[in-house]
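Sequence lines, in order, name chains A and B.
For what it's worth, my numbering labels the leading residue of the first sequence as 416, then goes sequentially.
For what it's worth, my numbering labels the leading residue of the second sequence as -10, then goes sequentially.
Ideal Cβ positions, reconstructed from N, Cα and C, are used throughout, including at glycine.
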Amino acid sequence: MSTALLIARREFNSYFRSWLGPVLVAGVLLADGLLFNWFNGLDQKQLSGAVLQQFFYNTSAPTMVAAILLTIRLLAEERQTGTLILLNTSPVKDRDIVIGKFLAAYAVLVLATLLSVYMPAWLFVHGKVAVGQIVVGYLGLLLLGAALTAIGVFGSALATSQVVAAILSAVMAVVFVLLWMVAKASEPPLNQYLSALAVHHENFRPFMQGILQPSGVIFYVVFTYAFLFASVKVLEARRWQ
Amino acid sequence: MIEIQELYKYYGDQRAVGPLTTTIERGEIIGLLGLNGAGKTTTLRILACDLLPTSGSVKVAGVDVVDRPDDVKAKVGYLPDRPPLYEDLSVGEYLTFAARIRGVPSAQTAKLVAEAVELTELGDVSKKIIGALSHGYRQRVGIAQAIVHAPELVVLDEPISGLDPVQIVEMRELVKNLKGEHTVVLSSHILSEISETCDRIMVINAGKIEWSGTESELSVALRQGSRIAITVRVAGATEEAAQARASEIAQRVPGVSGVDPAHSNESGPGIGSISVRGEGDLRDALCRALVQADVGVIALGREQELESMFLELLGETGEGAPVRRKKKRRKDGEAPPPGAQAAPPAAPTEGGAA
């Protein structure tokens, strides 16, 4: 685990040695702020739980996009520049490489997400919203971010270039986000399974409303674990090529 | 230090390495010599545990690369053909990361990094960002990362590639300095790049070790059967007559197996050139025979340098013969080059003499 943290620390610092980290954090905050103003009008009468719910719904989009953008480079860039070989020829488990990379990207995403807390805090001061809804909403955002980060890590593990990684991750993300639409057009019981697998719709809505359902938490944890596990297997398989 | 038994590596249906069996002793500097695609990099990647063998056994310091890869990795330092450098880090930060990732305890990291920096003479640039360094310095940083954890075995894939003449000399010294504390295996496709550095050279072709021995043994082996170019002057003769006279004399010299007319770089009355094929170094015998027969020898020497003879040898011995050589021969309509006729001496035994 200490090796994973070593990799995570190097990767996290690397985000902020280049433009990628600051620009992405700033971009997420800008998008969050613009969407907050646009949809809410900030009328005193409207500062309620519904506004907060709308805030979490809006914020989920920049969070998902940022997760994919942050992860594109993780393994694909190392493969492209030949630095992955340093990790592969060191006594490091593939699991530690994947966890380290995931943690670094996720830490940047958590930073960007939590920096938006001034908006719910403003609602809390000037309107009528429950702290519980804020906490649960952020928990949902972070779990959603973890799931999308895991998809991105998997896409980056599969690809040999960053362009391919970006396309793969974006396609997988769109598929899992839009599964609820496919579910809508499907017959039972298939629609229930598809709806349950959708990474945003049914699974995220309760968090927006401040409802903490264990099934939602378990879904995101299992989803994240499954994609990270698949990423480890991809790295292992490459050595047998 | 290294025991390789019946190693095979396939990429799909294509055999990259195998059958490969060899032993490398502790403290040796071994040069793996072969053309591009001969299997050098694949062999080195297997030694460094970056690739798994398809079959066979590879042991480093008695530890199997398949059974206990992490234990092997801790004993090996690897520099791939493109140094694995994080360009956003400074040299010091990068070497610290490389040491820590290879399991060096944090208390010892600073000391080992300082030693690697000193050995590779990177002190002047240790605080510089790697992305701003020249190719020569990057290569040094690549070697520093391979030795920073004090490995028993250092594997260097084409460490001299792309360096300028001054850097090549410096790199040779650096590799020589690794001797003693480390066993070193390095690869190259250019003989002269490694001949001065290595204790022993292994010629690899089509995934097999064709030959193994010291540089002087290799030199003797390659020169067996090389062609000798002779330019003569026969007073009052035409070029054809001069060639015919020289050929007649040369054919009588013991050891000569064939003589062909050749194009002469010089022109003038009575000047002609021939190309003589034979076993061993026949230069002095040919010169003596021609002069005794009153034929003036203007120029005499091997047609090829050691380097090109080596390439000819590899081009003709195995399945991996490069296409460009076959094409050239067809175009010229010549017989196979002489280097191909003399099979390399069978010296697969360790340190065996040619």
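Element boundaries [alpha helix (DSSP H), containing residue i]
{"i": "residue 618/A", "result": "616 to 623"}
{"i": "residue 545/A", "result": "Taken as a continuous stretch (DSSP letters only), residue 545/A belongs to no alpha helix (DSSP H), as it is neither H nor E."}
{"i": "residue 597/A", "result": "594 to 599"}
{"i": "residue 67/B", "result": "First-last for residue 67/B: 65 to 68, but that is the beta strand (DSSP E), not the alpha helix (DSSP H)."}
{"i": "residue 528/A", "result": "509 to 529"}
Contacts of residue i in chain B (Cβ-Cβ under 8 Å)
{"i": "residue 498/A", "result": "73, 74 and 75"}
{"i": "residue 494/A", "result": "What residue 494/A touches in chain B: nothing, since even the nearest Cβ is about 11 Å away."}
{"i": "residue 584/A", "result": "By Cβ distance, chain B contributes nothing, its closest Cβ being about 23 Å from residue 584/A, past 8 Å."}
{"i": "residue 433/A", "result": "77"}
CB contact flag (residue i, residue j, <7 Å)
{"i": "residue 264/B", "j": "residue 251/B", "result": "yes"}
{"i": "residue 275/B", "j": "residue 242/B", "result": "yes"}
{"i": "residue 178/B", "j": "residue 33/B", "result": "no"}
{"i": "residue 76/B", "j": "residue 119/B", "result": "yes"}
{"i": "residue 578/A", "j": "residue 464/A", "result": "no"}
{"i": "residue 196/B", "j": "residue 1/B", "result": "no"}
{"i": "residue 600/A", "j": "residue 610/A", "result": "no"}
{"i": "residue 619/A", "j": "residue 555/A", "result": "yes"}
{"i": "residue 183/B", "j": "residue 26/B", "result": "no"}
{"i": "residue 41/B", "j": "residue 655/A", "result": "yes"}
{"i": "residue 506/A", "j": "residue 59/B", "result": "yes"}
{"i": "residue 481/A", "j": "residue 443/A", "result": "yes"}
{"i": "residue 143/B", "j": "residue 167/B", "result": "yes"}
{"i": "residue 15/B", "j": "residue 172/B", "result": "yes"}
{"i": "residue 266/B", "j": "residue 253/B", "result": "no"}
{"i": "residue 17/B", "j": "residue 270/B", "result": "no"}
Coarse secondary structure for residue i, derived from DSSP in three states
{"i": "residue 348/B", "result": "Given a span of -10 to 343 for chain B in the structure shown, any question on residue 348/B remains unanswerable."}
{"i": "residue 333/B", "result": "Reliability fails at residue 333/B, whose pLDDT of 39 lies under 50, so the model's placement of it is uncertain and the value that follows must be treated cautiously. If DSSP states are grouped into helix, strand and coil, residue 333/B belongs with coil."}
{"i": "residue -6/B", "result": "strand"}
{"i": "residue 104/B", "result": "helix"}
{"i": "residue 318/B", "result": "Note on residue 318/B: pLDDT 38, under 50, position unreliable in the model; no value is reported."}
{"i": "residue 23/B", "result": "coil"}
{"i": "residue 254/B", "result": "coil"}
{"i": "residue 189/B", "result": "strand"}
{"i": "residue 179/B", "result": "coil"}
{"i": "residue 216/B", "result": "coil"}
{"i": "residue 172/B", "result": "strand"}
{"i": "residue 324/B", "result": "Residue placement at residue 324/B cannot be trusted, given a pLDDT of 39 that sits under 50; the coordinates are not used to answer."}
{"i": "residue -1/B", "result": "strand"}
{"i": "residue 439/A", "result": "helix"}
{"i": "residue 313/B", "result": "Residue confidence for residue 313/B is low, a pLDDT of 36 falling below 50, so the modelled location carries little weight; the figure read from the coordinates is stated next. Three-state DSSP puts residue 313/B in a helix."}
{"i": "residue 307/B", "result": "Summary for residue 307/B: the model assigns pLDDT 45, below 50, so the residue's position carries little reliability; its value from the coordinates is reported in the next sentence. In this structure, residue 307/B counts as coil in the three-state DSSP scheme."}
{"i": "residue 111/B", "result": "coil"}
{"i": "residue 149/B", "result": "coil"}
{"i": "residue 59/B", "result": "helix"}
{"i": "residue 92/B", "result": "coil"}
{"i": "residue 338/B", "result": "In this predicted model, residue 338/B has a pLDDT of only 36, less than 50, meaning its place in the structure is not dependable; the value taken from the coordinates is given anyway. Here residue 338/B sits in coil by DSSP."}
{"i": "residue 77/B", "result": "coil"}
{"i": "residue 283/B", "result": "coil"}
{"i": "residue 631/A", "result": "helix"}
{"i": "residue 644/A", "result": "helix"}
{"i": "residue 423/A", "result": "helix"}
Per-residue contacts from residue i into chain A (C-beta, under 8 Å)
{"i": "residue 240/B", "result": "Those within 8 Å of residue 240/B in chain A number zero; the least Cβ separation is about 55 Å."}
{"i": "residue 41/B", "result": "654 and 655"}
{"i": "residue 148/B", "result": "Going along chain A, no residue has its Cβ under 8 Å from residue 148/B, so there is no contact; the nearest lies around 15 Å."}
{"i": "residue 250/B", "result": "Within chain A, no residue comes near residue 250/B; the closest Cβ sits about 51 Å away, beyond 8 Å."}
{"i": "residue 67/B", "result": "500 and 504"}
Residue range of the unbroken beta strand (DSSP E) whose run includes residue i
{"i": "residue 126/B", "result": "Counting along the chain, residue 126/B falls outside any beta strand (DSSP E), though it belongs to the alpha helix (DSSP H) covering 124 to 136."}
{"i": "residue 200/B", "result": "197 to 202"}
{"i": "residue 3/B", "result": "3 to 13"}
{"i": "residue 48/B", "result": "44 to 49"}
{"i": "residue 267/B", "result": "260 to 267"}
Contacts that residue i makes with chain B (C-beta to C-beta distance below 7 Å)
{"i": "residue 418/A", "result": "90"}
{"i": "residue 507/A", "result": "90"}
Proximal residues of chain A, C-beta to C-beta of residue i below 7 Å
{"i": "residue 62/B", "result": "504, 505 and 506"}
{"i": "residue -3/B", "result": "Those do not exist, as residue -3/B stays about 14 Å from chain A at its closest Cβ, beyond 7 Å."}
{"i": "residue 38/B", "result": "504"}
{"i": "residue 59/B", "result": "506"}
Partners in chain A for residue i, counting only beta-carbon separations shorter than 9 Å
{"i": "residue 87/B", "result": "501 and 505"}
Proximal residues of chain B, C-beta to C-beta of residue i below 9 Å
{"i": "residue 421/A", "result": "86, 89 and 90"}
{"i": "residue 429/A", "result": "75, 77 and 78"}
{"i": "residue 425/A", "result": "75, 78, 82, 86 and 90"}
Determine, using beta-carbon pairs with one atom in the segment 131 to 144 of chain B and one in the segment 77 to 94 of chain B, whether at least three such pairs fall under 8 Å. Counting Cβ pairs under 8 Å, three or more are found: they touch.
I want to know whether the segment 530 to 550 of chain A touches the segment 4 to 21 of chain B - three or more CB-CB distances under 8 Å. Taking one beta carbon from each stretch, the segment 530 to 550 of chain A and the segment 4 to 21 of chain B have fewer than 3 pairs nearer than 8 Å; the two do not touch.
If we count Cβ pairs, one from each stretch, closer than 8 Å, do we get three or more for the segment 473 to 487 of chain A versus the segment 628 to 642 of chain A? Contact fails: fewer than three Cβ-Cβ distances are below 8 Å.
I want to know whether the segment 39 to 48 of chain B touches the segment 107 to 114 of chain B - three or more CB-CB distances under 8 Å. Contact fails: fewer than three Cβ-Cβ distances are below 8 Å.
May I ask you to verify whether the segment 483 to 490 of chain A touches the segment 556 to 573 of chain A, counting CB pairs closer than 8 Å and requiring at least 3? Taking 8 Å as the limit for Cβ pairs, the verdict is that the segment 556 to 573 of chain A does touch the segment 483 to 490 of chain A.
Just checking, does the segment 497 to 514 of chain A make contact with the segment 582 to 599 of chain A on the three C-beta pairs under 8 Å criterion? Counting C-beta pairs with one atom in each stretch, the segment 497 to 514 of chain A and the segment 582 to 599 of chain A have fewer than three that are closer than 8 Å, which means they do not touch.
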